[in-house]
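Here is the structure we will look at, set down as structure tokens.
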Amino acid sequence: DTEVTQTPKHLVMGMTNKKSLKCEQHMGHRAMYWYKQKAKKPPELMFVYSYEKLSINESVPSRFSPECPNSSLLNLHLHALQPEDSALYLCASSPVGTGAGELFFGEGSRLTVL
Amino acid sequence: AQSVTQLGSHVSVSEGALVLLRCNYSSSVPPYLFWYVQYPNQGLQLLLKYTSAATLVKGINGFEAELKKSETSFHLTKPSAHMSDAAEYFCAVRRNSGNTPLVFGKGTRLSVIA
Numbered sequence: 472d473t474e475v476t477q478t479p480k481h482l483v484m485g486m487t488n489k490k491s492l493k494c495e496q497h498m499g500h501r502a503m504y505w506y507k508q509k510a511k512k513p514p515e516l517m518f519v520y521s522y523e524k525l526s527i528n529e530s531v532p533s534r535f536s537p538e539c540p541n542s543s544l545l546n547l548h549l550h551a552l553q554p555e556d557s558a559l560y561l562c563a564s565s566p567v568g569t570g571a572g573e574l575f576f577g578e579g580s581r582l583t584v585l
Numbered sequence: 031a032q033s034v035t036q037l038g039s040h041v042s043v044s045e046g047a048l049v050l051l052r053c054n055y056s057s058s059v060p061p062y063l064f065w066y067v068q069y070p071n072q073g074l075q076l077l078l079k080y081t082s083a084a085t086l087v088k089g090i091n092g093f094e095a096e097l098k099k100s101e102t103s104f105h106l107t108k109p110s111a112h113m114s115d116a117a118e119y120f121c122a123v124r125r126n127s128g129n130t131p132l133v134f135g136k137g138t139r140l141s142v143i144a
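Chains as they are written, first to last, in my numbering: chain A, 472 to 585; chain B, 31 to 144.
Here you go:
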């Protein structure tokens, strides 16, 4: 099984809503990532979890709150978002090792903030 | 921090023609390097990666890339373009040595003309 599964695929929310994006992998990877991708731009790193602990936060606003409840799951909790937060949110996982291992990406969750 | 530069935001080729997408890396020692492809409204899929085992790397879908240390380049090629190759292509590198997050080039959009 070499899949990273993200739900929902599409999400529309108002600025006062609270919602969550979910990501799941069963490859035994102990590093998991959230990237944000705006249209016609490359993915930009948001968060990295290593062994279920947050290891990197790229100065992301607190309205984005990541959570890694176990080694297979990664959530991104969303609250009081702004229209400019509309983007494709990509989850990825990789082995923890020398750095030669690639990241495996999910299909993404497309978020629209009204 | 390491980085990659992709020359050409858009490349257009005829079906059956050679595909050449350019990527240059910033470090003096070749880092781990990756090429990903992204089809519209999808996540990123690994095409190939350089991990120091061989300078000529073969990937999926007939793509290959050659590391040239003298040019600090890792260009992606395919002998004969197919309509299905139309997509966005990203070159990526680990931000620092070891198991650090991937950072992506700005991407190159490949169009294939019938």
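Cβ atoms here follow ideal geometry from the backbone N, Cα and C, with glycine treated the same way. Treat the numbers as computed from the prediction; the structure is a model and nothing was measured.
Within chain B, no residue has its CB atom less than 8 Å from the CB of leucine 482 of chain A, the nearest being about 14 Å off. Cβ-Cβ distances below 6 Å link leucine 559 of chain A to Gln508, Gly579, Arg581 in the same chain, with the five nearest sequence neighbours on each side left out; the list follows chain order. A distance of 9 Å or more separates the beta carbons of phenylalanine 104 of chain B and valine 59 of chain B. Here glutamate 573 of chain A is near leucine 76 of chain B, since their CB atoms are less than 9 Å apart. Residue-level contact by beta carbon holds for leucine 74 of chain B and chain A, with a gap shorter than 9 Å.
Taking C-alpha positions only, arginine 52 of chain B is separated from histidine 497 of chain A by approximately 34 Å. For secondary structure counted as the beta strand (DSSP E) over 3 or more consecutive residues, the segment 497-584 of chain A holds these complete runs in sequence order: 502-508, 515-521, 524-528, 535-541, 544-550, 558-565, 580-584. If only complete runs of 3 or more residues are kept, the segment 62-143 of chain B shows the beta strand (DSSP E) at 63-68, 74-80, 86-88, 94-98, 103-108, 117-124, 132-134, 138-143, in order along the chain. Straight-line measurement puts the Cα of tyrosine 66 of chain B at about 24 Å from the Cα of alanine 144 of chain B. Residue contact with chain A for phenylalanine 134 of chain B: present (Cβ-Cβ distance below 9 Å to some residue of chain A). The beta carbon of isoleucine 527 of chain A is closer than 8 Å to those of Leu516, Phe518, Val519 in its chain, skipping five residues each way along the sequence. Beta-bridge annotation (DSSP): leucine 492 of chain A is paired with A:Leu547.
Contacts between lysine 79 of chain B and chain A, judged by CB atoms closer than 8 Å, involve Ala571, Glu573 in chain order. Here serine 44 of chain B carries a strand assignment [DSSP, helix/strand/coil]. Less than 9 Å separates the beta-carbon of leucine 63 of chain B from that of alanine 95 of chain B. At a beta-carbon threshold of 9 Å, the residues of chain A lying near phenylalanine 120 of chain B are Pro513, Pro514, ordered along the chain. Below the 8 Å Cβ cutoff, chain B contributes Pro131 as neighbours of valine 519 of chain A, in chain order. Close to valine 567 of chain A, with beta-carbon spacing below 9 Å, are these residues of chain B in chain order: Asn129. Chain order gives the chain A residues near arginine 124 of chain B as Gly570, where near means a beta carbon separation below 8 Å.
Only residues of its own chain outside the window of five on either side were considered, and among them Arg581 have a CB closer than 7 Å to the CB of histidine 481 of chain A, listed in chain order.
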